[in-house]
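S.K.: No gaps in the numbering here: position 32 of the sequence shown is 32 in full-length UniProt numbering, and each next residue is one more. All C-beta atoms, glycine included, are put in the ideal place defined by N, C-alpha and C. Every value quoted in this text rests on a predicted model; they were computed, and no experiment measured them.
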Amino acid sequence: MFSATSGAFRAGARRVAPRLARSNVKTAAPTALRSINANRALSTTKALASLPGRDRTREIVAQTINSIGSRREGEQYLKLFTSVEPQFEEGIRVTDAKTLGIARKLFLEENLKLINRLDELGVATRSISGAFIADYLDKEKWQYVGKITKVNKDAIEKSIEAGYIPVLTSMAESEDGHLLNVNADVAAAELARALEPLKVVYLSEKGGLYDGDGEKISSINLDAEFDHLMSQPWNRYVLDTLPRSSSVAIIHPSDLQKELFTDSGAGTLIRRGDKIQRVSSVNEIGDISKFKETLARDRQGLDAEATVERFVDHLKEKNFNAYYDDGMQCLAVVLPANEERPIATLATLNITKAGWLSNVAENVFAAVKKDHPSLVWTVSEEDENLTWFFEKADGTFNKNGNVLFYYGCDLKSEALVPVYEEFKAHGRAMFGDNLESRLRDAAKTTSETLNASQSRT
1 MFSATSGAFR AGARRVAPRL ARSNVKTAAP TALRSINANR ALSTTKALAS
51 LPGRDRTREI VAQTINSIGS RREGEQYLKL FTSVEPQFEE GIRVTDAKTL
101 GIARKLFLEE NLKLINRLDE LGVATRSISG AFIADYLDKE KWQYVGKITK
151 VNKDAIEKSI EAGYIPVLTS MAESEDGHLL NVNADVAAAE LARALEPLKV
201 VYLSEKGGLY DGDGEKISSI NLDAEFDHLM SQPWNRYVLD TLPRSSSVAI
251 IHPSDLQKEL FTDSGAGTLI RRGDKIQRVS SVNEIGDISK FKETLARDRQ
301 GLDAEATVER FVDHLKEKNF NAYYDDGMQC LAVVLPANEE RPIATLATLN
351 ITKAGWLSNV AENVFAAVKK DHPSLVWTVS EEDENLTWFF EKADGTFNKN
401 GNVLFYYGCD LKSEALVPVY EEFKAHGRAM FGDNLESRLR DAAKTTSETL
451 NASQSRT
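(1) Would DSSP call ILE351 helix, strand or coil?
(2) Using C-beta distances below 6 angstroms, list every residue in its chain close to ALA332, excluding the 5 sequence neighbours before and after it, in chain order.
(3) With DSSP as the reference, label residue 477 as helix, strand or coil.
(4) Which stretch, first to last residue, makes up the beta strand (DSSP E) that contains GLY101?
(5) Buried or exposed for ALA344, please, with buried defined as at least 16 other CB atoms from any protein chain shown within 10 angstroms of its CB.
(6) Below 8 angstroms, can you find three or more Cβ-Cβ pairs linking the stretch 132-139 to the stretch 161-175?
(7) Is the separation between the beta-carbon of PHE311 and that of LEU335 shorter than 9 angstroms?
(8) What would DSSP say about LYS199, mapped onto helix, strand or coil?
(9) Report buried or exposed for ILE375, applying the criterion of at least 16 other Cβ atoms within 10 angstroms of its Cβ.
(10) If you compare alpha carbons, which of GLN87, VAL279, GLU339, ASP303 is closest to LYS316?
(11) Any chance you could list the beta strand (DSSP E) runs of at least 3 consecutive residues sitting entirely within the stretch 358-396, in chain order?
(12) Inspect the beta-carbon positions of VAL200 and SER247 and report whether they are closer than 9 angstroms.
(13) Could you check if PHE405 is buried or exposed, using at least 16 other CB atoms within 10 Å of its CB as the buried criterion?
(14) What residue ranges within the stretch 268-334 form continuous beta strand (DSSP E) runs of no fewer than 3 residues, ordered along the chain?
(15) When the distance is taken between beta carbons, is ARG271 closer than 9 angstroms to LEU222?
(16) Among all the DSSP beta bridges, which residues are the ones paired with ARG126?
(17) Taking 6 angstroms as the limit between beta carbons, can you name the residues of its chain near GLN87, skipping five residues before and five after?
(18) Whole angstroms are fine: how far does the CA of ASN398 sit from the CA of ASN283?
(19) Which one of VAL360, LYS150, LEU416 has the shortest CA to CA distance from ASP274?
(20) If you reduce the DSSP assignment to three classes, tell me which class GLU140 lands in.
(21) Taking TYR406 as part of the beta strand (DSSP E), name the residues at either end of that continuous run.
(22) What residues match up with SER219 in a beta bridge as DSSP calls it?
(23) Which two residues bound the contiguous beta strand (DSSP E) that contains ALA131?
(24) Just the Cα atoms here: how many angstroms apart are SER219 and LYS113?
(25) With ILE128 and VAL167 assumed to form a contact (beta carbons below 8 angstroms), what rounded beta-carbon distance in angstroms separates them?
(26) Have a look at VAL123, SER289, GLY146, GLY101 and flag the residue whose alpha-carbon is nearest the alpha-carbon of TYR164.
(27) Pull up the CB-CB distance for LEU209 and THR268, whole angstroms please, since I reckon it's below 8 angstroms.
(28) Could you name the residues of the same chain whose beta carbon sits closer than 6 angstroms to that of LYS105, not counting the 5 residues immediately before and after it, in chain order?
(29) Mark ASP383 as exposed unless 16 or more other C-beta atoms lie within 10 angstroms of its C-beta, in which case mark it buried.
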């Protein structure tokens, strides 16, 4: 599929177990490159005394992996130098005894080439064997092709903990010691499943996925946008069993360093994501208690919960659309356009820190924008995510510490003019139907009541 390298990164650390699908070589990068003196007693490399700095080491690993031969080169080697013509059955390469011997030789050569090159440059590595245990996939049909039944991850994890980069091939062993050839995509997926990575990286000559216009797709949320991609075996096999925080990146080999060690990344990033729910009735909300808790989340004020209760009761009598993910890390409520206000209004938007970091906010807003081609909302100038709101808007208007945002229209449009005039006159108080206005009014009333009570005493 993607004849490339893939890496598996453990959440919270830069642990890697990449696989070179192009040559069926796999590597796993350590959590951190430790001081060479601390590892010297365990070292198997020659150049440890001159281990380069962290940035240099990253560059070395990226450049060295980039030099590994491709799957196409491996097939050409089989054909030109061994008289073995690759045979396929139902899309799977048949591995007879002769092909298995040649494949084993090629894997070991590429493995040694990678280790030696890194060794020459002072990067601590360990060759790992016996990581995959497998049974015959179908001996009569595909002969020595295996299906992985177990991943021995102890040696990989101990190498990482000791400060070494594990290097392994996709060659597996049966319980009785026979060698079996395993599809590199499957081996990488099984390794990722065992390590529960933050990211799996595929190196591809194309450098990512492209849309119908030939433009590279920077990111894909599978659950929300591309159901057909999730049905693809190579993608489903990797992402189906991993945490939703895991992702798959498809990049060009030259972009490996950028993908691993910068925030911007490269190529196409694929996430399972969270499917966005859309409801238009309070009765359609599966967990109304959680819905109310989310609306009240991080809200200040003694009367916040009671205000939320009144807001939900208000929604029972109004037309609205609510958008949220399964965990309600992000919740948006939109009041559609009506005769009183000819443009849709964002009544509330509640996002957790995890929601900002996991891209859920982007997915929810995309769902809102899909249903509502024009929208207005207000935000305080003190909001720490103000920049994000500016990015989502076509235009803004500031007044007394508040910002009116809008998209899908301009200040001269018939729909926006009355909203604009109302905002100039009343600021954020213009949106009496939204939750923020209700909470602000409740807090003001409570404060006035307390002050009056204190004055009497």
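M.R.: Checking against the coordinates, here is how it stands:
(1) strand
(2) Closer than 6 angstroms at Cβ, skipping near neighbours: TYR323, LEU349, VAL364, VAL368.
(3) Since the first residue of the chain shown is 1 and the last is 457, residue 477 is not available in this structure.
(4) No beta strand (DSSP E) holds GLY101; the alpha helix (DSSP H) holding it covers 97-120.
(5) buried
(6) yes
(7) no
(8) strand
(9) Just to set this straight, residue 375 is Leu in the shown sequence, not Ile. Buried, since its Cβ has 16 or more Cβ neighbours within 10 Å.
(10) VAL279
(11) At a cut-off of 3 residues, the continuous stretches assigned as beta strand (DSSP E) that sit fully inside the stretch 358-396 are 375-380.
(12) yes
(13) By the C-beta density criterion, PHE405 is buried, having at least 16 other C-beta atoms within 10 angstroms.
(14) 268-271, 277-279, 321-324
(15) yes
(16) PRO166
(17) Closer than 6 angstroms at Cβ, skipping near neighbours: VAL94.
(18) Using only the alpha carbons, I get a separation of about 37 angstroms.
(19) VAL360
(20) helix
(21) 402-407
(22) LEU269
(23) No beta strand (DSSP E) contains ALA131, which DSSP labels as neither H nor E.
(24) Taking C-alpha positions only, SER219 is separated from LYS113 by approximately 34 angstroms.
(25) 7 angstroms
(26) VAL123
(27) 4 angstroms
(28) Hits under 6 angstroms: none found.
(29) exposed
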